[in-house]
Amino acid sequence: MDRHKPYGVYERVFKRPLDIICALLALSVFCWLYAVLAIHVRIKLGSPVIFKQARPGKDEKVFNLFKFRTMTDEKDENGNLLPDEIRLTKFGRVLRKTSLDELPEAINILKGDMSVVGPRPLLVEYLPRYSKKQKRRHEVRPGLTGNAQVNGRNAISWEEKFDLDIEYVDRITFAGDIKIVFRTVFKSFFKQEGISSDTSATMEVFMGSSEQ
Numbered sequence: 090m091d092r093h094k095p096y097g098v099y100e101r102v103f104k105r106p107l108d109i110i111c112a113l114l115a116l117s118v119f120c121w122l123y124a125v126l127a128i129h130v131r132i133k134l135g136s137p138v139i140f141k142q143a144r145p146g147k148d149e150k151v152f153n154l155f156k157f158r159t160m161t162d163e164k165d166e167n168g169n170l171l172p173d174e175i176r177l178t179k180f181g182r183v184l185r186k187t188s189l190d191e192l193p194e195a196i197n198i199l200k201g202d203m204s205v206v207g208p209r210p211l212l213v214e215y216l217p218r219y220s221k222k223q224k225r226r227h228e229v230r231p232g233l234t235g236n237a238q239v240n241g242r243n244a245i246s247w248e249e250k251f252d253l254d255i256e257y258v259d260r261i262t263f264a265g266d267i268k269i270v271f272r273t274v275f276k277s278f279f280k281q282e283g284i285s286s287d288t289s290a291t292m293e294v295f296m297g298s299s300e301q
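Per the working numbering, the sequence shown starts with residue 90, numbered consecutively.
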């Protein structure tokens with residue numbers, strides 16, 4: 090994948106080491122929280138405690154994303170999973186509203202799959218549906234949080250989210266990352282908005298864009 094802009098000093102030298110430090114701090118300082126959440130997920134939602142799903146990362150390289158599960162495995166009479174709004178439990182909604190379900194992604198950050206801040210990793214099936222411009226979100230590591238998450242999250246359209254992602258890719262700075270992290274904490278624990286779209290418990294499937 091061709092890079093549209095040169096790497097800045099922060100992005101080239103400091104961003105990855107800071108990601109590793111933040112991930113190690115999260116895993117060590119909040120190990121008790123990981124344990125408490127894992128126990129509650131096991132009791133309320135069953136096994137496996139960790140939800141694992143293939144997602145595309147930097148340069149569209151696919152990796153396994155780790156999250157605490159927030160849904161049950163309830164199925165209909167034909168063996169098909171029920172809609173998200175039915176399988177998403179009250180406890181699961183709390184995990185999503187506070188973004189606590191994302192904590193296991195610290196492992197992905199340590200592995201180099203992800204960064205603390207960057208475009209959120211979406212589904213592999215979306216890759217052929219992106220426009221040329223939208224594909225640029227994969228020029229950098231995906232993030233635990235990102236520009237789109239603090240500017241509407243699931244309450245804005247896919248096109249708006251992708252525009253915010255590309256805006257981030259073109260303007261990666263230390264100050265910008267710190268701002269996104271603080272806004273994420275504020276929105277997760279105090280404002281809690283944009284968790285769902287207007288028509289779905291999570292977010293509608295991205296079917297592609299008219300933009301080429």
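Yeah, the Cβ is synthetic: ideal placement off N, Cα and C, and Gly gets one too.
- Counted as a single uninterrupted DSSP element, the alpha helix (DSSP H) harbouring R131 occupies residues C120 to L134.
- If you look at N153, you'll find it in the beta strand (DSSP E) that goes V151 to F157.
- Per DSSP, V206 lies in no alpha helix (DSSP H) segment; the continuous beta strand (DSSP E) that holds it begins and ends at S204 to V206.
- Within the stretch 192-280, the complete alpha helix (DSSP H) segments at least 4 residues long are 194-200, 247-259 and 263-275, listed from N- to C-terminus.
- The beta carbon of S204 is closer than 6 Å to those of D108, R230 and G232 in its chain, skipping five residues each way along the sequence.
- In the DSSP assignment, F180 falls within the alpha helix (DSSP H) that extends over K179 to T187.
- Our two residues, P145 and N153, have alpha carbons roughly 9 Å apart in a direct line.
- Remark: fewer than three beta-carbon pairs, one from each stretch, lie closer than 8 Å, so the stretch 216-225 and the stretch 159-175 are not flagged as touching.
- Ranked by how close their Cα comes to the Cα of L126, the residues G235, E149 and G181 have G181 in first place.
- In the same chain as R131, and ignoring 5 residues on each side of it, the C-beta atoms closer than 7 Å to its own belong to V138, in chain order.
- As the crow flies, the alpha-carbon of E214 is around 33 Å from that of F279.
- Setting aside the 5 residues that flank it on each side, G297 is surrounded in the same chain by R218, each with a C-beta closer than 6 Å to its C-beta; the list follows chain order.
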